[in-house]
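Below: one structure, written as structure tokens.
Chains as they are written, first to last, in the numbering used here: chain A, 1 to 372; chain B, 373 to 744.
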């Protein structure tokens, strides 16, 4: 009996000791993590494009709008599907007229945190990306901005929304405002995750494996590039430092990366370091979608960037940590809007309006107003 | 002063009289309407495929699933977008490998009310449609069901969901169950509209124009085919009774309709009468999307089906009535789900999993569990 009581007391005492030790360990880990990472902001503000409710509301519609593309099948959401965590799950996205994009579609979630857009950084920001996507293949496929804007203006419901979002402008339906509206919407797409809760002081937000993985992530050196609020997106880096990347990824072609943009020999095989937010939900991986499994991607990165061979436990821990970056999807992303209907001039004296080339509307026929 | 009071009394009395008269007129109109129309049911039940929460939850995922198609771009939602009232706004939908469907994509909303699926009625019901869409172009493009099911099984998150939805089955991931799950989901996609409120006794649910249009719709004879809860979908009819339809629609090709299915000469140019629910939100119109504006479509139907020429006021009233069929979108349709991520076998001893052909998984890597 005495023995039992003693054992019990010992167990209680040791549990309490372990809990204290865990808290102290968590404090140390958190302090170290806060030196390199940051919790997500509430929105991703821009001096050039202040976020307003009117722009966000319009941008949310435009994000899903297919009718501005050359074949009526491409919207931002075509490659950034809400139900696939802002990606399309393809190695390389397929755009207008089934043309294949040369590089993988990164998630649109938290994307505005980055120094630039696109894998090679050849788009200044999310606004620039959205505007330029209107033109050419494999994205929207329009021959020029004039055609794109004519398609947009053919949907009468947008005129009042552009006027509201860009007050005081005589003709607010412009490619620049298209980019600004979509950009403002995208700047609201943040996905706070268990990792943010942990950084904020909630020890239990991460599993033991995830904490071990966070420590590994910093100790192994991943953090040298994958830092900040996005865990990446803040710098460019050569893919394949210790050996050519394609030997590890099995990539079918060799992409010279940023070199093709800058023609600077120092940019050979250089890509923007991708943010790791929601990485567990957004396979396949790398600029060419050449690797399908996250553990493989982790192993390859340690090998070709850091010259390190991770053991199975290290990989499992890092994957558990990366899993803690899977965040809550924004309500205005997984809740999709209703787009204004196509409407065309009624032509009582003509045989009928044809479904082919859109004609500019003179009147709105259907009222979309009953229910929102 | 007396005069004023009298005038006032007269106005009050006449207003009251008019209100009473309006109520009586509404009662007459409602009684007449209830003779041919029905309010929408809460769900569209099926004896063959009872609606269960587990089937609906799974079907909602599968409805948005692109990875089962041959090029990873086609899901049910590709042609039935939530943000376009369950259509794609194209004259004819574009499916896998950019192949064009021969007929317009009807809305998936309230679709299960119909006697059959597809314009020519060559699919028994929504379940049959969903299952057969897996195979061939221009839909999902799979060569056979085996390939389709292998793609589905390669996403490990689905196995437990199929097991729950179809308990007691040894291998529940089957084409038949794919159709049943999606069908069960689609059977919940009803869109109650102002017209239903009006049928239910709320006089103010319809505008004066819409009420006039409802009366016209019945008087002119549209109701001969467009009746029931769906205002259509209950019968087949020749398109172009008093003259060939293509003379009015300007259709580019001549579609023989159900004749090509049955080879019965009585089925020449026969199509299923499309339901008119949400018609104002789902241009372009007719089996080939040949007409873009709803007023034109109304005028053409009166002309080629009934041999009548409607005046502008009649058309405006009927359009106002059709507008009252625009319903509230289901929360589980405009709120899209998160699909289980692709996951592939980790291959520590292999160079890396490639992004190309999917290999069957032996382990799930990413845990999608943090947030729903």
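Note that CB positions come from ideal geometry on N, CA and C, so glycine has one too. Keep in mind that this is a model prediction, so the values were computed, not measured.
Same chain only: Cβ atoms within 7 Å of residue i, ignoring 5 sequence neighbours per side
| i | result |
| --- | --- |
| residue 55(A) | 165, 180, 181, 184 |
| residue 650(B) | 457, 479, 481, 563, 697, 698, 699 |
| residue 300(A) | 248, 249, 291 |
| residue 67(A) | 151, 155, 342 |
| residue 692(B) | 579, 581, 582, 585 |
| residue 62(A) | 178, 181, 182 |
| residue 276(A) | 226, 231, 232, 322, 325 |
Cβ-based burial, residue i [other Cβ within 10 Å; buried from 16]
| i | result |
| --- | --- |
| residue 675(B) | buried |
| residue 544(B) | buried |
| residue 155(A) | buried |
| residue 384(A) | There is simply no residue 384(A) to check, as chain A begins at 1 and stops at 372 in what is shown. |
| residue 100(A) | exposed |
| residue 17(A) | exposed |
| residue 573(B) | exposed |
| residue 338(A) | buried |
| residue 402(B) | buried |
| residue 588(B) | buried |
| residue 130(A) | buried |
| residue 464(B) | buried |
| residue 514(B) | buried |
| residue 78(A) | buried |
| residue 255(A) | buried |
| residue 87(A) | buried |
| residue 282(A) | buried |
| residue 683(B) | exposed |
| residue 138(A) | buried |
| residue 168(A) | exposed |
| residue 576(B) | exposed |
| residue 27(A) | exposed |
| residue 133(A) | buried |
| residue 685(B) | exposed |
Per-residue contacts from residue i into chain A (C-beta, under 7 Å)
| i | result |
| --- | --- |
| residue 461(B) | 66, 67, 72, 342 |
| residue 455(B) | 64, 336, 337, 338, 339 |
| residue 626(B) | Residues of chain A passing the Cβ test: none, with the nearest at roughly 16 Å. |
| residue 470(B) | 97, 98 |
Option nearest residue i by Cα separation, candidates the options
| i | options | result |
| --- | --- | --- |
| residue 419(B) | 447(B), 467(B), 484(B) | 484(B) |
| residue 42(A) | 186(A), 203(A), 90(A) | 186(A) |
| residue 565(B) | 529(B), 617(B), 602(B) | 602(B) |
| residue 291(A) | 68(A), 236(A), 89(A), 101(A) | 89(A) |
| residue 493(B) | 644(B), 681(B), 699(B) | 644(B) |
| residue 115(A) | 151(A), 137(A), 128(A) | 128(A) |
| residue 126(A) | 233(A), 289(A), 146(A) | 233(A) |
| residue 80(A) | 336(A), 343(A), 341(A), 342(A) | 336(A) |
| residue 305(A) | 51(A), 289(A), 222(A) | 222(A) |
| residue 163(A) | 57(A), 188(A), 210(A) | 57(A) |
| residue 703(B) | 520(B), 518(B), 561(B), 412(B) | 561(B) |
| residue 146(A) | 123(A), 170(A), 174(A), 319(A) | 174(A) |
6 Å Cβ shell around residue i - same chain, five flanking residues per side excluded
| i | result |
| --- | --- |
| residue 549(B) | 538 |
| residue 307(A) | 242 |
| residue 20(A) | none |
| residue 446(B) | 467, 468, 512 |
| residue 431(B) | 553, 554, 556, 557 |
| residue 454(B) | 705, 706 |
| residue 227(A) | 36 |
Partner residues on chain B for residue i, Cβ-Cβ distance less than 9 Å
| i | result |
| --- | --- |
| residue 202(A) | Here the premise fails: no neighbours, minimum Cβ distance about 13 Å. |
Chain A contact residues for residue i, given Cβ-Cβ distances below 8 Å
| i | result |
| --- | --- |
| residue 466(B) | 71, 72, 73 |
Nonlocal neighbours in the same chain, by C-beta distance under 8 Å from residue i, ignoring five residues either side
| i | result |
| --- | --- |
| residue 259(A) | 265, 267, 268, 269, 270 |
| residue 218(A) | 32, 33, 36 |
| residue 489(B) | 483, 495, 496, 497, 498, 500, 501 |
Near the ligand PLP: residue i beta-carbon under 7 Å from a heavy atom
| i | result |
| --- | --- |
| residue 129(A) | Ligands displayed in this structure: none; no statement on the ligand PLP is therefore possible. |
Q: Note down, in chain order, all residues in the stretch 646–667 of chain B with a beta-carbon under 7 Å from any beta-carbon belonging to chain A.
A: Residues 652, 653, 655, 656, 661, 662, 663, 664, 665, 666, 667.
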